[in-house]
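Heads up: the sequence shown is residues 116 to 514, going by our numbering.
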Amino acid sequence: MDTKTELLTRRLLMSETSEIVIIGAGIVGSSIAYHLTQAGFRDVLVLERETRLGLGSTGKSMGGVRAQFATDVNIQMSLYSIPLFAQFEEVIGSPSGYKPHGYLFVATNEIHKAYLGANYARQLELGLKSAELLSAEDVVRMVPQLRSDDIVGGSFCSTDGFVDPNSVMTGFIKKAQERGATLQRGVEVTGVISEHGRVAGVRTGRGEVSCRVVVNAAGPWAGLVAKSAGVDLPIYPLRRMLVPTEPFAGLPDPLPMVIDMSTGFHFRPEGRGLLMAWNDREEQPGFHTGFDPEFVEKILTHAVSRVPAFSELQVNPGRGWAGLYSMSPDHHAILGPAPELEGFYCANGFSGHGVMHSPATGRIVSDLILTGRSDLIDAQLLGIRRFSEGRMIHESALL
Ligand SMILES: Cc1cc2nc3c(=O)[nH]c(=O)nc-3n(C[C@H](O)[C@H](O)[C@H](O)COP(=O)(O)OP(=O)(O)OC[C@H]3O[C@@H](n4cnc5c(N)ncnc54)[C@H](O)[C@@H]3O)c2cc1C
Numbered sequence: 116m117d118t119k120t121e122l123l124t125r126r127l128l129m130s131e132t133s134e135i136v137i138i139g140a141g142i143v144g145s146s147i148a149y150h151l152t153q154a155g156f157r158d159v160l161v162l163e164r165e166t167r168l169g170l171g172s173t174g175k176s177m178g179g180v181r182a183q184f185a186t187d188v189n190i191q192m193s194l195y196s197i198p199l200f201a202q203f204e205e206v207i208g209s210p211s212g213y214k215p216h217g218y219l220f221v222a223t224n225e226i227h228k229a230y231l232g233a234n235y236a237r238q239l240e241l242g243l244k245s246a247e248l249l250s251a252e253d254v255v256r257m258v259p260q261l262r263s264d265d266i267v268g269g270s271f272c273s274t275d276g277f278v279d280p281n282s283v284m285t286g287f288i289k290k291a292q293e294r295g296a297t298l299q300r301g302v303e304v305t306g307v308i309s310e311h312g313r314v315a316g317v318r319t320g321r322g323e324v325s326c327r328v329v330v331n332a333a334g335p336w337a338g339l340v341a342k343s344a345g346v347d348l349p350i351y352p353l354r355r356m357l358v359p360t361e362p363f364a365g366l367p368d369p370l371p372m373v374i375d376m377s378t379g380f381h382f383r384p385e386g387r388g389l390l391m392a393w394n395d396r397e398e399q400p401g402f403h404t405g406f407d408p409e410f411v412e413k414i415l416t417h418a419v420s421r422v423p424a425f426s427e428l429q430v431n432p433g434r435g436w437a438g439l440y441s442m443s444p445d446h447h448a449i450l451g452p453a454p455e456l457e458g459f460y461c462a463n464g465f466s467g468h469g470v471m472h473s474p475a476t477g478r479i480v481s482d483l484i485l486t487g488r489s490d491l492i493d494a495q496l497l498g499i500r501r502f503s504e505g506r507m508i509h510e511s512a513l514l
């Protein structure tokens, strides 16, 4: 930040009063700002500690979006979010990069198959029309390069696919700004100020801002923000690595996201090559985001095992990257008011689904702040109280 901008920011913040302060301008904070202004509420200040947007998890994401989940609440969040990605340009005025290539889940035993069948029934019941169950033959017809000796079936949803997370984030925040929200970059929130059990403002490196509502959208760092407000947010950061490949020809076009349920290995097209991911269960919680070159060998083992032609894949380990998942105890988002402090709202713990569920999150959190209820989901389900009240939700369709 140059000296002039810095002085302006300092002056602005020293005297700032806003009704709602959102901490963090990742895809989630940006969507909440957009949805608040969309509902006609303009007195919104978004504080981002970095001088550039997208340096948190959003800029590291694989950009996958899907409605093929096991739990009603995750399916419902996708049923709001994916149509918005599809119409993003018309509604928001900039592209989302939505590519409906589909997600192909590949089942290799009867337990997987029964699980996909049960999920499909829930998805259908909730109104998802583009999902289908597949036979082993259908799966192989879709991606003939798969090793098929153990494949017993699968599922596919044609409206699942990928988006460009940076483009979605920028679209949301720009539209929110056009409608009156303010974004301040290079401003770190260092504490939440409370009076008589309710939010009174935030402390930043550049002065204090008084406000009545604080939204914690600080991604993997949200636990630290919550702690400064005296709120116990049970999330933890977990490193996640992605491996892009050099160009690879011969796969079907369009190629879906392909998930090998036997190992969790999955891949999707990225440019003329692929982007590969795998959940390494040896990974330990922490804020470390260095890329481990040894991961390439591990992921390639799973890749070649499912697609023998991948023995020809070229990978430059220097192009791999890592970011942080923000994990909650039941792998579901934590949304809504914190019981410890009136006016403090959570939008955290997406457990790897924060990009795909950012539209629904914006809508739900905005509605909860402005009206105290959501018509999209039963918001009690995702409230933080579920942990103390023993109402955790189980989602096993975790990638
Ligand atoms: C490798 C990888 C692959 C992924 N793949 C997918 C996928 O395919 N599909 C999907 O849906 N999700 C995926 N995710 C998860 C997704 O990226 C996240 O859930 C999502 O980006 C969370 O957005 P966010 O806005 O909450 O957090 P972030 O993008 O991390 O934004 C939080 C912001 O808060 C700011 N901040 C933090 N503390 C403060 C403070 N004290 N004061 C001011 N600002 C602060 C940070 O600088 C940051 O900009 C993936 C994640 C990773 C790491």
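For each residue, glycine too, the CB sits at the ideal point set by N, CA and C. Just so you know, these numbers come straight off a predicted model, no measurement behind them.
Near ligand 1: residue i beta-carbon under 7 Å from a heavy atom
i, result
"P335", "yes"
"K175", "yes"
"H216", "no"
"A182", "no"
"Y172", "According to the sequence shown, residue 172 is Ser rather than Tyr. Indeed, a heavy atom of ligand 1 lies less than 7 Å from the Cβ."
"H227", "no"
"F156", "no"
"S443", "no"
"M471", "yes"
"P408", "no"
"F459", "no"
"R164", "yes"
"Y440", "yes"
"R535", "Since the first and last residues shown for the chain are 116 and 514, residue 535 lies out of range."
"F380", "no"
"F465", "yes"
"A246", "no"
"V340", "yes"
"E323", "no"
"L357", "yes"
"I142", "yes"
"V304", "yes"
Within 8 Å, strictly: CB atoms of residue i and residue j
i, j, result
"L428", "A418", "yes"
"F410", "M372", "no"
"G469", "S172", "yes"
"R321", "V302", "yes"
"S211", "G286", "yes"
"G179", "A222", "no"
"V88", "I508", "The question about residue 88 has no answer, for the chain in this structure spans 116 to 514."
"A344", "F502", "no"
"R181", "R421", "no"
"D275", "Y230", "no"
"G139", "A332", "yes"
"E385", "P359", "yes"
"R354", "T416", "no"
"V330", "I135", "yes"
Residue range of the alpha helix (DSSP H) that includes residue i
i, result
"I522", "Nothing about residue 522 can be reported from this structure: the residues present for the chain run from 116 to 514 only."
"I266", "Element bounds for I266: n/a, residue is neither H nor E."
"N331", "Element bounds for N331: not the alpha helix (DSSP H) but the beta strand (DSSP E), V328 to N331."
"F200", "D187 to A201"
"S309", "Unbroken run through S309 is the beta strand (DSSP E), V304 to E310; no alpha helix (DSSP H)."
"A341", "A337 to S343"
"S473", "S473 to T486"
"G92", "No answer is possible for residue 92: the residues shown for the chain start at 116 and end at 514."
"S503", "R500 to S503"
Element boundaries [beta strand (DSSP E), containing residue i]
i, result
"L561", "Because the chain here runs from 116 to 514, residue 561 falls outside it and cannot be looked at."
"M372", "M372 to D375"
"A296", "Looking at the DSSP string, A296 is not in any beta strand (DSSP E), and its letter there is neither H nor E."
"L160", "V159 to E163"
"V221", "Y218 to A222"
Strand pairing of residue i, partner residues [DSSP]
i, result
"S133", "Beta-bridge pairing links S133 to no other residue."
"H381", "I374 and A392"
"Y460", "V330 and P452"
"M442", "Y351"
"M356", "A437"
"T319", "V304 and G322"
"E247", "F271"
"K214", "F277"
"P400", "L353"
"R313", "E310 and E457"
"V346", "Answer is none; V346 lacks a bridge partner."
"V180", "G276"
"I138", "L162 and N331"
CB contact check: residue i to chain C, cutoff 8 Å
i, result
"K413", "Given the protein chain composition of this structure (a single chain), no chain C is represented."
Any non-hydrogen atom of ligand 3 within 7 Å of residue i CB
i, result
"P432", "Absent from the structure shown: ligand 3. Ligands present: ligand 1."
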